[in-house]
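Start counting the sequence shown at 16; every next residue gets the next number (the working numbering).
Below: the structure, in structure tokens.
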Amino acid sequence: MDKQVLVTQSSMPNFEKYCEKIKPLWESKWLTNAGIFHNELVEKLKSYMKADNVDLFVNGHLALVVALQALALSGEIITTPFTFVSTTTAIVSNGLTPVFCDIKEDFTIDESKIESLITDKTSAILAVHVYGNVCNIEKIDAIAKKHNLKVIYDAAHAFGECYNGKSIANYGDISMFSFHATKVFNTIEGGCLVFKDKSLTEKIKAIRNFGLVGEDVAFVGTNAKMNEFQAAMGICNLENIETEIEKRRLVSTEYDKNLCDIDGIKINVAQDKYNNYAYYPVCFDESVFGFNRDEVAIKLAEHNIFARKYFYPCTNEMSAYKGKFEGNTPIASKKAKDILCLPMYADLKLEDVARICNIIKKI
Ligand code: T4K
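Right, here's the structure in full:
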């Protein structure tokens, strides 16, 4: 039986180090609700992301839900269907209407198609740095300014990235990062918001804590607080972030080397520019490669290698949303049919990468 390789594997801190870190919790018995590790992680992230306003959440999805609520958006939100369902659900669960815009070759929202979707009901653009590929920030910013719209980035995949010499966290009105177990940086489950407007601080804090402001409930809130075990995991993992990204870079380079010259296979060329190597997405053009994405996935699975179809289907083709919300998104639909994310994680052995590529080549 071939060795099993899953699409990703969580990076863990040193076991003793984590145990040492969480030991004081047995004394303090303070496990959640803005404890010492929570506050320590906030400060460490501010420094790492060079950001002034950072708030932590129990997961990235609720962070995004809270971001949209905090900005008091209304009506329509222009967004992409080529994403994890969380992006669309965050919009709909806020009572807002997603208006789907198509994507470009690099999987991010096609900024040239945004303006034609703006109506008098549009209040924001919610774009996604898919696989860590950075959206066209300048154009999106210019459109938002011209039409007085808010910009939210779902930066779930983009932790640790820089753009134009600045941390990616500092673009748009709010950026959301996911710290899920499958991400470049994890707090087991978790996420954060980085926001421009300091005056949102208390509102965001309140919404993620049941809307409480003192004894009053000022907002219809939720419970989205990060606990101390998550925060401690984050503090330990953050110490290794540079090594994590460097190891991923080596894996990515090995894939590139093996796959770049195969007809019908399109690798993610945008990756090297911004580089956190969160995913290794590959598009299979059946008419040239001879096999479609599903056939490749099955062949890899026969060898105990489990690649994943991130992101298939597009969110506007999912039963919950299909037919309910607008969107002419042929490129997103095509990409969703061709895409396969190959295994990618820091401890993936280069010989396993070579084995995966050989199976693909033999197909
Ligand atoms: N926006 C975008 C663009 C996103 O991609 C996501 C999440 C969000 C928003 C929301 O952020 P969070 O609320 O999740 O913070 C995964 C993740 O659950 C999800 O975080 C992620 N995106 C999405 C793309 O993928 P699954 O259903 O594929 O996970 P699962 O359980 O099949 O795991 C995949 C592989 O990861 C496993 O085969 C092995 C490995 N793994 C998994 C877990 C759970 C580990 O090594 N350790 C683990 O603990 O959703």
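C-beta: ideal position from N, C-alpha, C; glycine also.
*Under 8 Å between C-beta atoms of Ile-133 and Thr-112*: no
_What does DSSP give as the partner residue(s) for Pro-296 in the beta ladder?_
Cys-356
*Count the CB pairs spanning the stretch 75–93 and the stretch 138–156 that are closer than 8 Å, and state whether there are at least three.*
yes
*Express the C-alpha separation of Ile-378 and Val-311 in angstroms, rounding to a whole number.*
Looking at the two C-alpha atoms, the distance is approximately 8 Å.
*Could you pull out every residue in the same chain whose Cβ sits closer than 7 Å to the Cβ of Met-64, ignoring the five residues on either side in sequence?*
Once the five neighbours on either side are set aside, the close Cβ partners of Met-64 are Ser-182, Ala-184 and Val-209.
*Which residue spans inside the stretch 94–123 form an unbroken beta strand (DSSP E) run of at least 3?*
112–115
*asked:* I'd like to check one pair, Ile-260 with Gly-175: are the Cβ atoms closer than 8 Å?
replied: With contacts defined as CB atoms closer than 8 Å, Gly-175 and Ile-260 qualify as a contacting pair.
*Could you have a look at Glu-168 and say whether DSSP puts it in helix, strand or coil?*
The residue asked about is misnamed: residue 168 is Tyr in this sequence, not Glu. Strand at Tyr-168.
*Ordered along the chain, which non-local residues of its own chain (more than five positions away) have a Cβ less than 7 Å from that of Ile-152?*
Tyr-178 and Tyr-186
*asked:* For Cys-275 and Thr-330, what's the separation of their Cα atoms in angstroms?
replied: 29 Å
*With a CB to CB cut of under 7 Å and the five nearest residues on each side skipped, what residues in its chain are close to Ala-322?*
Val-22, Ala-312, Leu-315, Leu-355, Cys-356, Leu-357 and Pro-358
*Which class does Ser-182 belong to by DSSP, given the choice of helix, strand or coil?*
strand
*Expressed to the nearest angstrom, what Euclidean distance is found between the alpha-carbon atoms of Phe-299 and Cys-150?*
23 Å
_Contact between the stretch 49–58 and the stretch 231–248 is defined here as three or more beta-carbon pairs at a separation below 8 Å; is this criterion met?_
yes
*asked:* Could you check whether the Cβ of Thr-134 sits closer than 7 Å to any heavy atom belonging to the ligand T4K?
replied: no
*Mind pulling the beta strand (DSSP E) runs of 3 or more residues that sit fully within the stretch 206–244?*
Whole beta strand (DSSP E) segments, 3+ residues: 206–210.
*Answer yes or no: do Thr-102 and Asp-169 have a C-beta to C-beta separation smaller than 8 Å?*
yes
*Say the cut is 7 Å; is the CB of Thr-102 nearer than that to a heavy atom of the ligand T4K?*
yes
_Thr-258 - DSSP class collapsed to helix/strand/coil_ = helix
*At what residues does the alpha helix (DSSP H) containing Asp-309 begin and finish?*
Unbroken alpha helix (DSSP H) run through Asp-309: 308–317.
*Nearest to Thr-123 (by Cα), restricted to the options Lys-339, Ala-285 and Ala-233*: Ala-285
*asked:* Could you tell me the alpha carbon to alpha carbon distance between His-172 and Ala-196, rounded to whole angstroms?
replied: Each residue's alpha carbon lies about 12 Å from the other.
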